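Take UniProt numbering: the final residue in the sequence shown is number 275, and no numbers are missing along the way. Don't be surprised by glycine CBs; every beta carbon is placed ideally from N, CA and C. As the structure is a computational prediction, the values presented were derived from the model and not from experiment.
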Amino acid sequence: MTVYAVGDIQGCYDELQTLLTKVAFNAEKDELWCVGDLVNRGPKSLETLLFLYEMRHCVKLVLGNHDLHLIACFYDHDRLKKHDTIQDIIHSKQGTTLINWLRQQPLVYFDPVRCIAMVHAGIPPLWTLEDSLMRSAEVEKALQSDKEIGKFLKNMYSNDAVNWHESLKGQERLRVITNYLTRMRFCKLDGTIEFNSKEGIDSAPSGYMPWFEVPHRKMEGQDILFGHWAALEGRCNEPHVYALDTGCVWGSCLTMIDVETKQMYSTNCTAIKGK
């Protein structure tokens, strides 16, 4: 069995199929891991989600910010934005099935056999692996609860939720966890995050650095797969940390990694995306 992990697909269904063909992916014996942002901005979000759902027996995934946005828009159509390309999912006959499936997915995944973690945006430097899994589980519990999901989605994101401390409670606590795991790029030594800077490593605001470059971060030396940061172009120059978002939806390429050998595979985008 070979395990492949793919960067942010964002509805780039054709490129995903090209990559799977390139590596001769076999759904009966191989596994496909997805680092989140399965949908939105690309042209075939519904096709992508249906494909992954139909082969869910061999798919592992974590939720990204666009996936959470899809879930929120499914329950409240007023949250749709001008450039969203997820309306076909929301209005699909299979929409409820697909959303319920996404609601069961984690924000952090860890494979104890291969000793590798997967997250959409990153792991805050102050958290251990155990911390990350436990705090991800708090958000997962809210997503999976019919009683709690509405409150969670309403309060899910805020640019004011930028720093973790253990005394956080309720929706504020869930909001900070979600921001870290699905939106983080740059942070300070104390874990404070910043949301406006989305370019490469050299664009860090004063006092901030990429989350994976923070000295003495708790998961240093642990293999981590992540996406979210297309401007890195797949390069982060940090041992054991693998950036898989190479901006296919913005006209670049889609990238996949063999989880065990760390060999990379890419395919160029086939159409103008990201509008």
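Simplified DSSP state of residue i, which is helix, strand or coil
i	result
Q87	helix
F74	helix
K60	strand
A231	helix
Y208	coil
M256	strand
F110	strand
E15	helix
M134	helix
E213	helix
E140	helix
K275	Any reading at K275 must be qualified, since the residue scores a pLDDT of 46, below 50, and its modelled position is unreliable; the value itself is stated next. Note: K275 maps to coil in three-state DSSP.
I193	strand
C248	helix
Of the residues the options, the one placed nearest residue i, counting alpha carbons only
i	options	result
D6	S45, Y53, K60, L46	Checking the sequence shown, residue 6 turns out to be Val, not Asp. Closest by alpha carbon: K60.
G36	N237, M219, P106	P106
H57	D67, K81, L32, E47	L32
D14	Q263, N163, C248, I257	C248
I116	E260, C269, T267, N268	E260
T128	R217, F226, T267	R217
T2	A24, L102, L133, H66	A24
Y4	L225, N100, H120	L225
G170	E148, T18, V62, D160	E148
Y53	C73, Q104, L80, H91	Q104
V162	K154, E172, L153	E172
W250	I99, E233, V176	E233
G64	W211, G122, F110, N26	G122
E194	M219, L153, N159, V176	N159
residue 278	G42, I86, L20, Q87	The question about residue 278 has no answer here: the residues shown for the chain are numbered 1 through 275.
T85	Q222, G200, G42	G42
L126	D111, E166, L46	E166
S203	F51, A72, R185, N100	R185
W164	N179, I201, N26	N179
Chain B contact for residue i (CB, 8 Å cutoff)
i	result
S197	Of the protein chains in this structure there is only one, and it is not chain B.
Assumed close pair residue i, residue j - CB separation to whole angstroms, cut-off 8 Å
i	j	result
residue 322	K44	Given that the chain is displayed from residue 1 to residue 275, the structure contains no residue 322 and the question cannot be resolved.
L181	E138	With a Cβ gap of about 11 Å, L181 and E138 do not count as contacting.
G191	P239	Contact flag wrong, Cβ pair sits at about 21 Å.
D67	V39	6 Å
L254	I9	7 Å
L16	T48	7 Å
C236	Y208	That belief does not hold up - the Cβ atoms of C236 and Y208 are roughly 15 Å apart, past 8 Å.
K198	A243	Rounded, the Cβ-Cβ distance is 14 Å, inconsistent with contact.
Host alpha helix (DSSP H) of residue i (start-end)
i	result
N268	From DSSP, N268 is part of no alpha helix (DSSP H) but of the beta strand (DSSP E) over 264 to 268.
L46	45 to 54
E31	Not the alpha helix (DSSP H): E31 falls in the beta strand (DSSP E), residues 31 to 34.
I149	149 to 154
Near the ligand SAH: residue i beta-carbon under 7 Å from a heavy atom
i	result
S132	Judged by which ligands are present, the structure shown has none, so any question about the ligand SAH falls away.
Range of the contiguous beta strand (DSSP E) that encloses residue i
i	result
Y4	3 to 6
I176	This sequence places Val at residue 176; Ile is not what is there. Not the beta strand (DSSP E): V176 falls in the alpha helix (DSSP H), residues 170 to 183.
I99	Element bounds for I99: not the beta strand (DSSP E) but the alpha helix (DSSP H), 95 to 103.
I224	223 to 226
I201	That residue, I201, is in no beta strand (DSSP E); it is neither H nor E in DSSP.
M118	116 to 119
Y242	241 to 243
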